[in-house]
Structure formats: C-alpha cells, structure tokens
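**Student:** Heads up: the sequence shown is residues 1 to 54, going by UniProt numbering. Let me give you the structure first, and then I'll get to my questions.
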Amino acid sequence: LYRKDRHATMKQENSHLSNNDISISLGKKWNSESPAVRQKYTELAKMHKERLLM
C-alpha cells in the first residue's frame, strides 16, 4: 500500500527511472520512514487483508 501511494509521485519526479528502480528507491524510503508512518501503513494493510478474507 505504501508503494501504491507513493509510486505515481516518484514516477512523476523521476520519469527516467524504471519501475524496478522506483521500487528499490521506495523500499529504501520505507526503511527510513518514521514509526508513525510505518504503523499507519501496517494497520491499513491489516484492514485490507481482513476485508479480502471475508
């Protein structure tokens, strides 16, 4: 979900990058995000997973 939210902006700012390079860059950004941001996306992922399993 984090990647999905950030991909379009990253692509717009770095149009020369491939999707693979964008994923790598976003992975690095994810690892350096604050605990609050990581918690937000972890909770969103949990809710999304629960909806899919219903």
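Built from N, CA and C at the ideal position, the CB exists for glycine as well.
Taking 7 Å as the limit between beta carbons, can you name the residues of its chain near D21, skipping five residues before and five after?
**Tutor:** Reading the sequence shown from its first residue, position 21 is the one you call residue 21. Contacts found: none.
**Student:** Does the distance from the CB of S44 to the CB of L1 come in under 8 Å?
**Tutor:** As a working note, residue 44 is residue 44 in the sequence shown. As a working note, residue 1 is residue 1 in the sequence shown. A small correction: the amino acid at residue 44 is Leu; Ser does not occupy that position in the sequence shown. A contact, by the Cβ cut-off of 8 Å.
**Student:** Going straight from the alpha carbon of H7 to that of S23, what length do you get?
**Tutor:** On the sequence shown, residue 7 is found 7 positions in, with the first residue counted as 1. On the sequence shown, residue 23 is found 23 positions in, with the first residue counted as 1. If you take the alpha carbons of H7 and S23, they lie about 8 Å apart.
**Student:** Could you check whether L26 and R3 sit closer than 8 Å to each other, using their CB atoms as the reference points?
**Tutor:** Numbered from its first residue, the sequence shown carries residue 3 at position 3. Numbered from its first residue, the sequence shown carries residue 26 at position 26. Closer than 8 Å, so yes.
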